[in-house]
Structures are given as structure tokens and as C-alpha cells.
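Here's the structure we're looking at; comments come further down.
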Amino acid sequence: VAEALRMGAKEGGTALLAVFGRDASARWQRHRAIYKPAKSKEWTTWTSKAGQLMSQADFADFLEANLQDLAGPEGDRKVPSPADLMTLALTLKVTSEDVLESQINRTTGEHHPVATLAKKFEILVPVHENGDLLRVTCRFRMKKDGAGFKFGWVIPTAERLERSAWQAICKRISETTTLPIFFGQPEQ
Numbered sequence: 487v488a489e490a491l492r493m494g495a496k497e498g499g500t501a502l503l504a505v506f507g508r509d510a511s512a513r514w515q516r517h518r519a520i521y522k523p524a525k526s527k528e529w530t531t532w533t534s535k536a537g538q539l540m541s542q543a544d545f546a547d548f549l550e551a552n553l554q555d556l557a558g559p560e561g562d563r564k565v566p567s568p569a570d571l572m573t574l575a576l577t578l579k580v581t582s583e584d585v586l587e588s589q590i591n592r593t594t595g596e597h598h599p600v601a602t603l604a605k606k607f608e609i610l611v612p613v614h615e616n617g618d619l620l621r622v623t624c625r626f627r628m629k630k631d632g633a634g635f636k637f638g639w640v641i642p643t644a645e646r647l648e649r650s651a652w653q654a655i656c657k658r659i660s661e662t663t664t665l666p667i668f669f670g671q672p673e674q
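Here the sequence shown stands for residues 487 to 674, numbered as in my numbering.
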């Protein structure tokens, strides 16, 4: 059985190369395997829409479709619960004078004042398929667009989280195979 001589990965890359074969009969180092972990559907969903502003209705629809990814407060984290975020998305009203108001439910007569607009919210998603769930902070964005407003978010730590998830995969593979992983440009 051929053994991997070495494994290599580009620093900041997302593919791992294993070079196999120790003797001439195995065509010295000609057998190669590449592992490239796929990004998770959840990660791709949130990062592909990050930085894009959408109407309030589209924002509420997006949150509702991805409600299972929303993470609520934990410990001393001051973020809205998934229910609070949905309520905000569905009931926020901005007047023509750009003043945040509350929404009144005409059926029940309930009055919900908006004291402050959330500055951030958190999601709980894996970066890679079958990866560990990560708590990701999203910064809320709102921008006036003509008579209305557009809503969205940014994920300021997305690249760092991707690098960290990739490093965790490399470490796990190295520990499991007991082979070191060399970072840099692989030889041809």
C-alpha cells in the first residue's frame, strides 16, 4: 500500500494535496490526491447576500426562510433573539421625517415601540459542509432609498472565519494521518 509522503496546502488556500508513492514501482510521487472541502449551503446563503441591501419585505422574507440559522443571546452577548429580529423586520416603520416609529397591530390594539434599532445580530452556521457550527456576528445595515429604506447586513469577520475553519480542517487531517502539512507552493 502506497503511503503519503507529504501533504501540502497553500497558505490561505482551500485545497489539500497529498503526494503518494515511496518507490519506483509506484511511479515515484506521481499519485496525487486533492481534497477541497465544500462551503456549507448555510455559509454560502448568508455570505452571498452580505453587503446587499434589500427591501424590508425581501429582508423579512430572507430572515424567515433562514430562521433556523439565527442565533439568539448567549451569556453576555447583547443581540436580538430570532423572534425579536423577525418582529423588527416585519413591523419596523420609518416615517418620511426619518424617525423610527412603532407599529400598532390593529387587530389586537397592541402597540410596540421601537426603542433602539439592533446594530448586530448573530447566526449559527458551519463554514464547510459537515463542519462545526460557528457563531457569526452580522452587522445590521439600513439605508434610505427614495421614499423607503433598504435593509441588509455585513459579516466583517467572514474571511478570518474561513481561514480559521480551513486551519482547523488541516490540523484535524494532520492529527488523524500523523503526517505534517507543509504550507506553500507544491512542487510540480
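Ideal placement from N, C-alpha and C gives every residue a C-beta, glycine not left out.
Note that the coordinates shown come from a computational prediction; the quantities given were computed from them, not determined experimentally.
Classification of glutamate 528 by the beta-carbon crowding that lies within 10 angstroms, buried from 16 upward = The residue given as residue 528 occupies position 42 in the sequence shown. Looking at its Cβ environment, which holds 16 or more other Cβ atoms inside 10 Å, glutamate 528 is buried.
query = How many angstroms separate the CA atom of glycine 716 from the CA atom of alanine 519?
reply = Nothing can be reported for residue 716: it is not among the residues displayed for the chain, which extend from 487 to 674.
task = Tell me where the alpha helix (DSSP H) around lysine 657 begins and ends.
result = Against the sequence shown, residue 657 aligns to sequence position 171. First-last of the alpha helix (DSSP H) with lysine 657: 644 to 663.
request  = Name, in chain order, the residues that DSSP records as bridge partners for leucine 610.
outcome  = Here residue 610 refers to the residue found at position 124 of the sequence shown. According to DSSP, which records beta bridges pairwise, leucine 610 is partnered with Arg621.
query = With 16 as the cutoff for other CB atoms within 10 Å, does leucine 574 come out buried or exposed?
reply = Position 88 of the sequence shown holds residue 574. It counts as buried.
request  = Return the CA-CA distance between proline 666 and methionine 493, expressed in angstroms with no decimal places.
outcome  = Here residue 666 refers to the residue found at position 180 of the sequence shown. Here residue 493 refers to the residue found at position 7 of the sequence shown. Distance between the alpha carbons of proline 666 and methionine 493: 7 Å.
request  = Would you list the residues sitting across from valine 640 in a DSSP beta bridge?
outcome  = Your numbering for residue 640 matches position 154 in the sequence shown. DSSP, once it has assigned bridges, lists Arg625 as partnering valine 640.
request  = Taking glycine 675 as the reference, give the member of Ser534, Ala536, Thr530, Val622 with the closest Cα.
outcome  = Because the chain in this structure spans residues 487 to 674, residue 675 falls outside the shown range and cannot be described.
Buried or exposed by the 16-neighbour rule on C-beta atoms within 10 Å, applied to glutamate 608 = Residue mapping note: residue 608 aligns to position 122 of the sequence shown, counting from 1. Glutamate 608 should be labelled buried.
ask   = Should glycine 561 be labelled buried (16 or more other beta-carbon atoms within 10 Å of its own) or exposed?
value = By one-based count along the sequence shown, residue 561 stands at place 75. The residue in question, glycine 561, is exposed, as its Cβ has fewer than 16 Cβ neighbours within 10 Å.
query = Residue range of the beta strand (DSSP E) that alanine 569 falls in?
reply = Stepping through the sequence shown from its first residue, residue 569 is reached at position 83. Run containing alanine 569: none in the beta strand (DSSP E); it sits in the alpha helix (DSSP H), 568 to 577.
inquiry  = Tell me the DSSP secondary structure of aspartate 547 in three-state form.
reply    = As a first step, residue 547 must be located in the sequence shown, where it is residue number 61. Aspartate 547 falls in the helix class under three-state DSSP.
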